[in-house]
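Counting from 1089, one number per residue, gives the positions in the sequence shown under this note's numbering.
Structure first, commentary second.
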Amino acid sequence: MRTRLTANEPSPRSVFLDVPNMPWEETKFAGIRCKTLYSDPSGMATLLMELEPGAQVPLHEHTAIEQTYVLAGHFIDEEGECLPGQFVWRPEGNTHIAWAGKDGATILGIFLRPNIFADGRKFFTETDGTEA
1089 MRTRLTANEP SPRSVFLDVP NMPWEETKFA GIRCKTLYSD PSGMATLLME LEPGAQVPLH
1149 EHTAIEQTYV LAGHFIDEEG ECLPGQFVWR PEGNTHIAWA GKDGATILGI FLRPNIFADG
1209 RKFFTETDGT EA
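Here's what the structure looks like:
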């Protein structure tokens, strides 16, 4: 076992996920499913999300940077559209509605802290970071 460079203790082990064989989790948003690749108590999360055609992430504000990479389909908001292989990041304070295009969308989303939704719904906004 390798030792850390900054402390005289074992290096923590990597965590490998078999993502294709992980089940999709239903979310509180119609037409949106996810696979949780990482989450922690601070609300940091990495999610693989699948949005059916026209599925919408309702009005919300980002409390920290959000990063999104589009794997398939079209991911759209009032400011623009991302196609497969494209990337968008939104700064803290950005408030928007996002939705999938006519072919749906598969995206990888990285969140540093929980978002705040206008309608009060929770989506990775609980203090334990596990509510989807």
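Glycine included, every Cβ here is placed at the ideal spot set by N, Cα and C.
Quantities reported herein were computed from a predicted structural model and do not represent experimental measurements.
- For the 9 Å CB-CB criterion, residue 1173 and residue 1139 do not form a contact.
- In terms of Cβ geometry, residue 1163 and residue 1133 do not form a close pair [threshold 9 Å].
- In this structure, the straight-line span from the alpha carbon of residue 1159 to that of residue 1099 is close to 32 Å.
- Residue environment for residue 1137: buried (at least 16 other C-beta atoms within 10 angstroms of its C-beta).
- Scanning 1208, 1209, 1195 for the CA closest to the CA of residue 1124 turns up 1195.
- In this structure, DSSP gives residue 1129 a state outside helix and strand, which the three-state scheme calls coil.
- Annotation for residue 1105: 1125 place their beta carbon closer than 8 Å to its own, counting only its chain and skipping 5 residues before and after.
- Contact check between the region 1109-1117 and the region 1149-1159: fewer than three CB pairs, one atom from each, fall below 8 Å, which does not count as touching.
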